[in-house]
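One structure is given below, encoded as structure tokens.
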Amino acid sequence: MDKTCASAEEAVSQIPEGASLAVGGFGLSGVPMALIRALRNQGTGGLEVVSNNCGVDGWGLGELLSAGRIRRVIASYIGENKEFARQYLGGEIEVELTPQGTLAERLRAGGAGIPAFYTATGVGTMVSEGGLPWRYDAEGTVVAQSPAKETRVLDSLGSEREYVLETGIRTDFALVRAAKGDRHGNLVFERATRNFNPLAAMAGRYTIAEVDELVEPGEIDPDDVHLSGIFVDAVVALTPEEAADLPIEKVTVRDREEGN
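Just so you know, the numbering used here puts 1023 at position 231 of the sequence shown, and the rest follows in order with no gaps.
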């Protein structure tokens, strides 16, 4: 029942070339950096990544991206990652952009065994009608685009409206980060790290969690568990230095007002 691994390198060693990954994180919050770097150092490539975003230049999934290890991304936005935008517009990777709430529900649905669901988000746009550029060639011509999706008019609380069918997401592996975890894989997340990490963990067929603090089974109150260990297959305890590696995405400062 002890799911701990001695190192991040050991935990990711079974991830093969071309695997699909659900990766937790929200901006720079809750990103499984130790696992990402171990995977980068391992040399595994051809990856399909499902994540809220693809990190930033030089950090998070941006490290795998700049190393040329990612072939396809399902994400809610490109954000401020210049290398991500360059590779996408230059035809080096395929990108399926998905509304953020829809992406979260697709991950949750996949983990819950729900193959598809209807949502009103995206109806009447290219999200449902198709035509979103998935891949460009080197000259900037669209060579792959999203297909049209099934829509249906349904009654919701006495009012009929149109909904689009979205599919659940299941991936070969999931990489997540938690503030605390026990040897059985029960996890506790902190603040914004809870946005996508539990959903990514649910979507993976084999889920690896790195934790800032590793405790013994029973030390986490059952009412405090955010994700049951049933969804987690391996746990890696971070060193204090790794746990403290938390960059700030935007640093803003101003002069302190007199008297404060």
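Built from N, CA and C at the ideal position, the CB exists for glycine as well.
Item, Value
"What separation, rounded to the nearest whole angstrom, lies between the Cα atoms of A803 and V1027?", "8 Å"
"With distances taken between CB atoms, is the gap from A1029 to L1006 smaller than 8 Å?", "yes"
"Alpha carbons only, please: which of N978, E921, E1002, L839 is nearest the one belonging to V887?", "L839"
"What's the gap between the Cα of G893 and the Cα of T911?", "10 Å"
"By how many angstroms is the C-alpha of S951 removed from the C-alpha of F823?", "According to the sequence as given, residue 823 is Val; it is not Phe. Cα to Cα, V823 sits roughly 41 Å from S951."
"Assuming A896 contacts F909 under a Cβ cut-off of 8 Å, what Cβ separation, rounded to an integer in Å, is found between them?", "Contact doesn't hold; Cβ gap of about 12 Å is too wide."
"So what's E1033 in DSSP terms, helix, strand or just coil?", "helix"
"Buried or exposed: M994, going by 16 or more other Cβ atoms within 10 Å of its Cβ?", "buried"
"Is A901 near the ligand SAH - that is, is its Cβ less than 7 Å away from at least one heavy atom of it?", "What this structure holds is no ligand at all, so the ligand SAH is not there to describe."
"I need the straight-line Cα distance from T943 to L889, nearest angstrom please.", "19 Å"
"Taking the Cβ atom as the reference point for each residue, do A800 and L820 lie within a distance shorter than 8 Å?", "no"
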